[in-house]
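Comments concern the structure below.
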Amino acid sequence: MPRLKVTQTRSVIGTKQNQRETLRSLGLKRINDAVVKEDRPEIRGMIRTVTHLVRVEEVE
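Residue numbers (the working numbering): 27 to 86.
Structure (structure tokens):
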């Protein structure tokens with residue numbers, strides 16, 4: 027199954043509460059934190075919520 031590497035690139039200061047909670051549920055706590063997640067519709071939806079705060083790469 028394909029995997030996605032999600033890296034937080036921007037600060038959560040000044041963002042909405044649901045965006046902060048979405049980053050936390052993805053496992054991101056600070057700038058430059060990175061996690062690898064399976065490419066599923068739920069994860070894609072979470073990424074879409076915080077697309078302006080993260081960078082996404084496909085990983086094999």
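For each residue, glycine too, the CB sits at the ideal point set by N, CA and C.
Own chain residues within Cβ distance below 8 angstroms of residue i, not counting five before or after
i	result
residue 73	30, 32, 52, 80, 82
residue 57	34, 35, 36, 37
Spatial neighbours of residue i in its chain, beta-carbon cut-off 6 angstroms, leaving aside the 5 residues before and after
i	result
residue 54	34
In DSSP terms, what residue i is bridged to
i	result
residue 33	60, 81
Residue i, DSSP secondary structure in three states
i	result
residue 72	helix
residue 48	helix
Cβ-Cβ separation, residue j to residue i (assumed contact under 8 angstroms), whole Å
i	j	result
residue 75	residue 45	6 angstroms
residue 62	residue 85	6 angstroms
Residue nearest to residue i in terms of C-alpha spacing, selected from the options
i	options	result
residue 28	41, 66, 78, 71	66
Spatial neighbours of residue i in its chain, beta-carbon cut-off 7 angstroms, leaving aside the 5 residues before and after
i	result
residue 49	34, 38, 76, 79
residue 64	27, 29
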